[in-house]
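Counted the way my numbering counts, the sequence shown spans residues 126 to 462. The beta-carbon is built from N, C-alpha and C at its ideal position, and this holds for glycine as well.
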Amino acid sequence: MQCPRKTGIAVLFLALIFASGVVVIAPAEAKPPSRKIRRAVLKNRLASVRANAHKTRTELKQAKREEAQIHADLLAIRAKVTATRDKLSTTKARLVRTRTEQRKAQAALAVYQKRLKAREISLAKRMAANYRQGPVRYASVLLASRSMGDLLTRGRFVRGVMEYDAKLITEIKADRQAVLTWKRTIDAKAAQIEAEKCELAERQAEEAKDAIAERTLLAEAKAKRAELEDELDALQEDSSAIADRIRALSETLDGRARRLIAFTGKFVRPVPGGITSGFGTRFHPILHRSRLHAGCDFGGGHGTAIVSVASGTVVYAGTMRGYGNVVVVDHGGGIST
Numbered sequence: 126m127q128c129p130r131k132t133g134i135a136v137l138f139l140a141l142i143f144a145s146g147v148v149v150i151a152p153a154e155a156k157p158p159s160r161k162i163r164r165a166v167l168k169n170r171l172a173s174v175r176a177n178a179h180k181t182r183t184e185l186k187q188a189k190r191e192e193a194q195i196h197a198d199l200l201a202i203r204a205k206v207t208a209t210r211d212k213l214s215t216t217k218a219r220l221v222r223t224r225t226e227q228r229k230a231q232a233a234l235a236v237y238q239k240r241l242k243a244r245e246i247s248l249a250k251r252m253a254a255n256y257r258q259g260p261v262r263y264a265s266v267l268l269a270s271r272s273m274g275d276l277l278t279r280g281r282f283v284r285g286v287m288e289y290d291a292k293l294i295t296e297i298k299a300d301r302q303a304v305l306t307w308k309r310t311i312d313a314k315a316a317q318i319e320a321e322k323c324e325l326a327e328r329q330a331e332e333a334k335d336a337i338a339e340r341t342l343l344a345e346a347k348a349k350r351a352e353l354e355d356e357l358d359a360l361q362e363d364s365s366a367i368a369d370r371i372r373a374l375s376e377t378l379d380g381r382a383r384r385l386i387a388f389t390g391k392f393v394r395p396v397p398g399g400i401t402s403g404f405g406t407r408f409h410p411i412l413h414r415s416r417l418h419a420g421c422d423f424g425g426g427h428g429t430a431i432v433s434v435a436s437g438t439v440v441y442a443g444t445m446r447g448y449g450n451v452v453v454v455d456h457g458g459g460i461s462t
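If you want it as structure tokens, here you go:
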């Protein structure tokens with residue numbers, strides 16, 4: 126027989142193996158499903174839902190831990206940003222004060238430089254005059270003395286003028302050197318503070334980027350956690366609904382009697398193609414995380430004939446939520462495909 130599906134390029138074979146039976150897609154004539162088959166299918170679905178719910182709960186716990194960690198990291202980054210901002214503000218204030226000191230030192234240095242230059246010019250003029258007149262100038266001053274006392278007074282005056290000029294120049298040079306040293310110290314301090322300011326500005330920019338990245342991660346973590354919570358709620362609702370239906374079916378005499386029929390034989394492949402996805406945990410292509418795949422998928426081209434994996438009675442042919450087009454065959458002994 127041909128696959129009853131009208132569209133698609135692949136044939137999926139779902140072998141759902143649990144204690145109550147196995148569910149396999151196979152073509153056959155339509156017939157209302159028995160309570161036993163419905164119960165077997167429901168048990169398979171319940172096991173799958175519960176397995177996925179357990180995995181989702183685990184993922185949800187992990188997601189909450191990750192969200193809490195990201196939130197803690199974000200708080201730490203915010204604290205660092207605040208500390209860096211405060212330190213940068215303090216550094217800028219220090220730099221302003223140091224720049225003011227620089228201007229003061231520069232002004233003082235200019236004053237001493239001007240005084241020294243004026244004194245050096247005055248001394249140079251006097252030395253030039255002395256050079257032109259030679260020792261005659263000082264000798265004339267001394268020879269003009271009227272007495273020994275006057276001579277001694279004039280001698281002290283000449284020495285005093287010369288010593289005063291020399292001392293004044295020495296003091297001005299010392300003051301200028303002190304101011305120059307002061308200015309160099311302030312310049313070095315200003316350069317250091319400027320470097321600190323640049324470093325803090327770079328750090329502030331990096332921390333701001335980190336904060337933005339962490340906020341993005343936190344938003345993603347919250348969205349993931351909300352998605353998992355919604356999924357878990359849906360799975361728990363499905364689990365409760367399926368469990369209620371199983372309990373209702375298990376209470377019938379027909380459901381208990383069909384378990385006594387023995388199954389003999391073995392399974393064959395429903396299609397020539399290989400297994401494209403086996404039973405067990407696999408990566409979900411839409412949710413992008415691992416989930417239980419409660420069946421085996423066999424690949425096949427469009428129109429590929431599908432056979433029953435073993436002899437039995439067709440008890441249902443139609444559509445089923447989660448599987449699409451389905452044909453259920455009862456093989457006896459509580460096993461259905």
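Exercise for the section: With DSSP as the reference, please indicate the residues paired to residue 443 in a beta bridge. Expected result: Here residue 443 refers to the residue found at position 318 when the sequence shown is read from its first residue. For residue 443, which the question treats as bridged, DSSP gives the partners 451.
Practice task
Out of 407, 356, 397, 349, state which residue places its alpha-carbon closest to the alpha-carbon of residue 430.
Solution key: Position 305 of the sequence shown holds residue 430. Comparing Cα-Cα distances from residue 430 to each of 407, 356, 397, 349, the minimum goes to 397.
Exercise for the section: Below 8 angstroms on the Cβ atoms is my guess for residue 401 versus residue 422; work out the distance and round it to an integer in Å. Expected result: Here residue 401 corresponds to residue number 276 of the sequence shown, with the count starting at 1. Here residue 422 corresponds to residue number 297 of the sequence shown, with the count starting at 1. Indeed, because the Cβ distance is near 5 angstroms, the residues count as touching under 8 angstroms.
Handout entry: CB of residue 332 within 9 angstroms of CB of residue 209, strictly
Key = If you number the sequence shown from 1, residue 332 lands on position 207. If you number the sequence shown from 1, residue 209 lands on position 84. Cβ atoms of residue 332 and residue 209: closer than 9 angstroms.
Practice task
Following the continuous beta strand (DSSP E) through residue 402, name the residue where it begins and the one where it ends.
Solution key: Position 277 of the sequence shown holds residue 402. Note, residue 402: beta strand (DSSP E), 400-402.
Exercise for the section: Compute the distance between the beta-carbons of residue 304 and residue 243, then report whether it is under 9 angstroms. Expected result: In the sequence shown, the residue the question calls residue 304 occupies position 179. In the sequence shown, the residue the question calls residue 243 occupies position 118. No; because the gap between Cβ atoms is not below 9 angstroms, this pair is not in contact.
Practice task
Just mark residue 236 as buried or exposed, buried being the case when its beta carbon has 16 or more other beta carbons within 10 Å.
Solution key: Start at 1 with the first residue of the sequence shown, and residue 236 comes out as number 111. Residue 236 is exposed by the Cβ-count criterion.
Problem - CB of residue 314 within 9 angstroms of CB of residue 223, strictly - result: Counted from its first residue, the sequence shown places residue 314 at position 189. Counted from its first residue, the sequence shown places residue 223 at position 98. Going by C-beta atoms, residue 314 is nearer than 9 angstroms to residue 223.
Exercise for the section: Give a yes or no on whether the C-beta atoms belonging to residue 336 and residue 221 are separated by under 9 angstroms. Expected result: Translated into the one-based positions of the sequence shown, residue 336 becomes position 211. Translated into the one-based positions of the sequence shown, residue 221 becomes position 96. No; because the gap between Cβ atoms is not below 9 angstroms, this pair is not in contact.
Handout entry: Assigned secondary structure, residue 310 (DSSP; H/G/I helix, E/B strand, else coil)
Key = Start at 1 with the first residue of the sequence shown, and residue 310 comes out as number 185. DSSP places residue 310 in helix when its eight states are reduced to three.
Exercise for the section: Count the CB pairs spanning the stretch 311-331 and the stretch 184-197 that are closer than 8 angstroms, and state whether there are at least three. Expected result: no
Exercise for the section: Count the other CB atoms, across all protein chains shown, that sit within 10 Å of the CB of residue 339; report buried if there are 16 or more and exposed otherwise. Expected result: Numbered from its first residue, the sequence shown carries residue 339 at position 214. Per the 10 Å Cβ criterion, buried.
Handout entry: Proximity to residue 357 [Cα-Cα], best of 179, 348, 165
Key = Numbered from 1 along the sequence shown, position 232 holds the residue referred to as residue 357. It is 179 whose Cα lies nearest to the Cα of residue 357.
Practice task
Determine the burial state of residue 420: buried for a count of at least 16 other Cβ atoms within 10 Å of its Cβ, exposed for fewer.
Solution key: In the sequence shown, counting from the first residue as 1, residue 420 sits at position 295. Under this definition residue 420 is a buried residue.
Problem - DSSP three-state assignment for residue 179, whether helix, strand or coil - result: As a first step, residue 179 is located in the sequence shown; it is residue number 54 there, counting from the start. Three-state DSSP puts residue 179 in a helix.
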